[in-house]
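With the numbering used here applied, the sequence shown covers 445 to 753. Report on one structure; see the data block that follows.
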Amino acid sequence: MTNSTSWSIGYGGVLKMAFINLQHDLTHQSITLNWMKGKLSPEQAERFKIPKVIRYEVQMKRHISFETQLYGLNFDQAWPILSPQQRENVITAVKDFCFELSKIKGDKIGSVEGKCILDMCLPVHYELEVSPYDPAGMQASWATTALAPGLSEFCFAHNGLWPHHIILMDYLNGGYSDLRVPTIGLASWSLAGFVPKVWVRTKFAVDQMYNFCPVQMLDVKLSSGIRQEELHKYKWSAFRGLGRAPYNMPEIRSFYWRANPLSAQYMGRDFVEGRGALVSVAAEDAEAFIAQIEEEEEENERRRNRPAG
445 MTNSTSWSIG
455 YGGVLKMAFI
465 NLQHDLTHQS
475 ITLNWMKGKL
485 SPEQAERFKI
495 PKVIRYEVQM
505 KRHISFETQL
515 YGLNFDQAWP
525 ILSPQQRENV
535 ITAVKDFCFE
545 LSKIKGDKIG
555 SVEGKCILDM
565 CLPVHYELEV
575 SPYDPAGMQA
585 SWATTALAPG
595 LSEFCFAHNG
605 LWPHHIILMD
615 YLNGGYSDLR
625 VPTIGLASWS
635 LAGFVPKVWV
645 RTKFAVDQMY
655 NFCPVQMLDV
665 KLSSGIRQEE
675 LHKYKWSAFR
685 GLGRAPYNMP
695 EIRSFYWRAN
705 PLSAQYMGRD
715 FVEGRGALVS
725 VAAEDAEAFI
735 AQIEEEEEEN
745 ERRRNRPAG
């Protein structure tokens with residue numbers, strides 16, 4: 445049983461219906477989408493397509509919204525038929541999108557209305573009878589753990605850039621000869637909000653949903669066509685790339701696992717240390733990744749120990 449569903453209306457629209465969540469005070473994505481109007485420049489709006497809300501209303505404890513449809517294959521579906529360079533170009537578009545959204549600044553964790561963000565990875569500890577997604581509680585939990593340094597800067601993020609939420613609007617029409625960085629559509633804004641800036645990049649490393657799916661979502665008996673060793677290449681490439689110029693986005697992955705020892709134990713040492721699920725790529729890439737992480741941690745340590753003034 446699910447608490448939400450959606451229907452395609454031809455090629456132009458989507459009808460979405462969801463039960464109102466009484467446990468958590470959430471911002472419906474229609475409000476976030478309307479808030480996003482004008483936040484991107486005309487040039488950015490051409491590169492990054494966002495659904496438009498046609499109508500939104502509440503009926504019998506249900507959210508009902510009509511949105512424009514982002515028509516095309518999602519990244520999960522398209523990966524097997526893209527060339528290696530085209531795959532990297534899509535990931536470049538995702539990195540560019542993260543970077544542009546990070547320029548929208550905030551001052552604390554929360555949705556565009558200051559409400560909960562239903563991100564299951566963001567909370568680091570829980571209290572009885574308190575929503576784990578309460579923004580003040582999440583921020584306080586970060587402040588009392590090794591994640592406290594990550595609260596120095598906040599920005600806006602989509603926060604759910606899973607492969608099936610990334611839509612390739614027209615990239616497949618040109619075949620292998622099309623080597624431009626493509627226009628992408630970004631679906632599902634229910635997790636969007638203001639987060640610590642370090643979280644934008646860190647989330648690629650710690651959220652399992654950023655992996656590709658090995659089976660087709662509409663028929664789990666059928667393979668997605670993505671090889672086992674490629675299931676993690678998207679999140680791996682995006683995570684590493686966001687740490688390089690021109691993005692130079694910070695991350696707090698090692699501190700996150702220290703603050704979440706039970707989660708780290710569940711994920712397993714290979715995943716946490718970047719030697720397993722996160723980095724199922726060639727050995728030389730894995731070594732380069734570990735070297736980069738160690739170098740970044742050494743640089744962060746030097747900055748923390750640098751005398752003030």
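Backbone N, C-alpha and C fix where the C-beta goes; we use that ideal spot for every residue, glycine too. Here the structure is a predicted model, which means the values were calculated and not measured.
In the displayed model, Q503 falls within a strand according to three-state DSSP. Setting aside the 5 residues that flank it on each side, R702 is surrounded in the same chain by A590, each with a C-beta closer than 6 Å to its C-beta; the list follows chain order.
Secondary structure at G629: strand, using DSSP grouped into helix, strand and coil.
The beta carbon of V716 lies closer than 7 Å to those of W701, A708 in the same chain, with the five residues before and after it left out.
The three-state secondary structure of Q488, taken from DSSP, is helix. Around the beta carbon of K677, 16 or more other beta carbons sit within 10 angstroms, so the residue counts as buried. Between K493 and L514, the CB-CB gap stays under 8 Å. Check the Cα spacing between P524 and each of E490, C657, V568, L566: the tightest is with C657. In this structure, the straight-line span from the alpha carbon of H468 to that of P579 is close to 11 Å.
Per DSSP, reduced to three states, the secondary structure at S450 is strand. When C-alpha distances from R506 are compared across M582, S448, F638, the shortest belongs to S448. DSSP places F656 in no beta strand (DSSP E); its state is neither H nor E. In summary, I453 is exposed, with fewer than 16 beta-carbon neighbours lying within 10 Å of its beta-carbon over all protein chains present.
Counting every other CB atom within 10 Å of its CB across the protein chains shown gives Y620 a total below 16, marking it as exposed. Relative to I696, the option among R645, G629, A587 whose CA is nearest is R645.
Contact check for G516 against L605 fails: the beta carbons are separated by 8 Å or more. Restricting attention to S585, E739, L706, I475, the CA atom closest to the CA of K559 is found in I475. Contact annotation: the segment 526 to 542 does not touch the segment 570 to 585, with fewer than three C-beta pairs closer than 8 Å.
DSSP places P567 outside any beta strand (DSSP E), giving it a letter other than H or E. L484 is not a Cβ neighbour of E557, given a cutoff of 8 Å. About 6 Å separates the beta carbon of L630 from that of H602, a gap short enough to meet the 8 Å contact definition. Minimum Cα-Cα distance from W633 among the listed residues L666, V458, W451, L477 corresponds to L477. The DSSP-derived three-state label of E511 is strand. In terms of Cβ geometry, L686 and C542 form a close pair [threshold 8 Å].
Between F598 and K552, the C-beta gap is smaller than 8 Å, which places the two residues in contact. Between G594 and V650 a beta carbon distance of about 13 Å is seen, past the 8 Å cut, so the two are scored as non-contacting. Taking every protein chain shown into account, the CB of A587 has fewer than 16 other CB atoms within 10 angstroms, so this residue is exposed.
Between C565 and K679, the gap from beta carbon to beta carbon reaches 8 Å or more. Taking every protein chain shown into account, the CB of M661 has fewer than 16 other CB atoms within 10 angstroms, so this residue is exposed. In this structure G457 touches E511 by the C-beta definition: roughly 7 Å separates them, less than 8 Å. When DSSP reads this structure, F699 sits in no beta bridge, so it has no partner.
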